[in-house]
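Okay, so the sequence shown: first residue is -11 according to my numbering, each after it adds one.
See below for the structure under consideration.
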Amino acid sequence: MDTFLSYFNGFAALTDPLNFAMLVGGFLIGTFFGAMPGLTSVLAIALLLPVTYQIDVVPALIMCASIFMSGMYSGSITAITINIPGAPSSMMTALDGNKLMKRGKGANALGHAALGSMIGGTLGAVLLMAFMPIAAKVSLLIQTPGKFALIFFALVVIVIVEKGNLAKAAIAMLLGLMIATIGIDELLSVPRFTFGTENLIQGIDLMPLVIGAFAISEILIQAQNWRLEKQIDLDAVNRIKITRRDFIPLWSEVREIGIWVYLKSTIIGYLIGILPGAGGSMAAFVSYIEARRASRKPHEYGNGSREGIAAAESANNAMCGGAFVPMLMFGIPGDPTTAIVLGVLVINGLQPGARLMENQADLISPMFASLIVSALILIPLTLYLLGPLFLKMVTISRGLLYSGIAVVALVGSYVATLSIFQMALSLVLGILAFYMRRQNYSCVAMLLGFILGPDLEQYFRRAMSLSDGDPTIFLTSLDSLFFLGLTAAFVYMIVIRKPKQRPAV
């Protein structure tokens, strides 16, 4: 009962002028970054991370949650209108949405994308709030060996979801683990891997890694692809005429899609969100494929199916709620955005775990409320009020936009750490991430390896200390054995087992 009372207080906290301003401001920022091809909500939160040093934790988390939800939804805007997904999670939406756009039904497609996002995002947040007490009780049952096995499972999942690049994802993740070892050894309190410089005694801060990997490298990537990427036809954009009434989906179309499609896609997205490193792209893809399999009109998929848009958008926004579960309970981010949100928690002295909702519910509940308000109210409201203006965002000069982002990124890294060395480090790490991305190495795997590395080492060494150096403790503890078995099952299902070949006709 106390938990649900704290949820009510979370909604009440949004009535505070500062919190409400952060909610609306974060939503609009996330919408802009999500709708601009090449920009994402991850970049938005990375750039605004220094701001969290200057404000209280509640408005900071409210802002992050609203950016997360709006950034996931707004990628569908340019995916539908100009066939350039604003975010990777909107790739499946582009398949059908742009076909409808070419038939003069782009506003209708945008309306269905917003409706799916609203339903998926709201129900995903409700599932998050409903199951958090259960997740907290389950987390109390996991002992030290089990915590190591859980983090090991998370790192393995992060690697194997990078299909086709398993070796490169593993190398990137190991690089993140190596970077995390620089600085003071927490158990022995001695410096290590500092290369004789005092600047590295405190280790590498999360800030330069996030800004380098997701801001500096993105600017370099965009500069490299300036003339190579698909160009936006500004004349075609200016010719698009959309009225506000066109955004409202017809009830007959919603009924034809069926409530089961929305519910099933939401559950799929929520469950995939719980998996570390899976993200909105996988949620949208799996839900789209499942909806097509069960559809009465599978031939329409890829040719302008409103059902396909509903399935993809419901899933990727429901993923937002699922991604918070492992982050809040175990400190294991479900996707890159929640990895940065985890940094906001740590910066403010909040440690993920079962006691988080018990001891700091007044700080966490407003973030949950922000997810629901963003999905249920702000998504349809902003589309209706600002929808005709959304397309004008893509006409902004890229040179002006990215040069401004570069300045904000570097200044932000200095403001957050007050260290010229850390600011220079963000530039170095950005160049490293740029070359990694050119060679298809996953920067997400590197970031999550960096975040999870200290806990992996800490729980391993503690478990070995408890067993006097006997590694069989990981095989005799039931919680550890469960997660190790789960790891083996995932590796078998995704990596080892091959799909059955159909006999030639």
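Even glycine gets a Cβ: it sits at the ideal position worked out from N, Cα and C.
Residues M80, T81, A272, S275 and Y276 of the same chain have their beta carbon placed closer than 7 Å to that of A300, with the five preceding and five following residues left out of the count.
Take T19, set aside five residues on each side of it, and the residues of its chain with a beta-carbon closer than 6 Å to its own are S58 and S62, in chain order.
By the Cβ-count criterion, I408 is exposed, with fewer than 16 other Cβ atoms from all chains shown falling within 10 Å of its own Cβ.
Counting only residues of its own chain and dropping the five nearest sequence neighbours on each side, D173 has a CB closer than 8 Å to the CB of P179 and R180.
Inter-segment contact for the region 322 to 340 and the region 423 to 436 is present: three or more beta-carbon pairs are separated by less than 8 Å.
In the structure shown, P47 adopts helical secondary structure according to DSSP, grouped into three states. Within the same chain, A342 come within 7 Å of L128 by CB-CB distance, once the 5 residues on both sides are set aside.
Scanning L316, L359 and A357 for the CA closest to the CA of E346 turns up L316.
In this structure A357 is not in contact with G109, their Cβ atoms being roughly 13 Å apart against a cut-off of 8 Å. Pairing A48 with I335, the inter-Cα distance amounts to about 11 Å. Here G473 is exposed, its C-beta having fewer than 16 other C-beta atoms within 10 Å. Short of 6 Å from the beta carbon of S253, and not among the five residues preceding or following it, lie these beta carbons of its own chain, in chain order: S275, A299, S302 and A303. According to DSSP, residue pairing for G171 in a beta bridge involves R180. At the C-beta level, P133 and S468 come within 7 Å of one another. Counting along the chain, the unbroken alpha helix (DSSP H) around I335 starts and ends at P324 to I335. By the CB criterion at 7 Å, G400 and P237 fall outside the cutoff.
If you ignore the 5 residues before and after L371, its C-beta comes within less than 6 Å of the C-beta of A102 and F235, all in its own chain and listed in chain order. Contact check for A157 against V145 fails: the beta carbons are separated by 7 Å or more. By the Cβ-count criterion, T69 is buried, with 16 or more other Cβ atoms from all chains shown falling within 10 Å of its own Cβ. In this chain, I192 is not harboured by any alpha helix (DSSP H), its DSSP state being neither H nor E. In the three-state reduction of the DSSP assignment, G92 falls in the coil class. For G441, the closest alpha carbon among the candidates I17, M120, L138 and S293 is that of L138. With distances taken between CA atoms, M106 lies nearest to V361 out of R426, V361 and K125. In the three-state reduction of the DSSP assignment, V149 falls in the coil class. By the CB criterion at 7 Å, A160 and Y429 fall inside the cutoff. Cβ-Cβ distances below 8 Å link L251 to L111 in the same chain, with the five nearest sequence neighbours on each side left out; the list follows chain order.
Judged by DSSP secondary structure, T254 falls within the alpha helix (DSSP H) whose first and last residues are I247 to I262. For the pair S78 and G268, the Cα-to-Cα distance works out to about 8 Å. Under the three-state reduction of DSSP output, L444 falls in the helix class.
In this chain, the alpha helix (DSSP H) harbouring D350 covers A349 to V361. Taking a contact as a CB-CB distance under 8 Å, the pair I419 and L35 does not count as one, their CB atoms being some 18 Å apart.
G246 is positioned such that its CB atom lies no closer than 7 Å to that of G310.
In the three-state DSSP reduction, G267 falls in the helix class (H, G or I). DSSP places T3 outside both helix and strand once states are collapsed to three, so it counts as coil.
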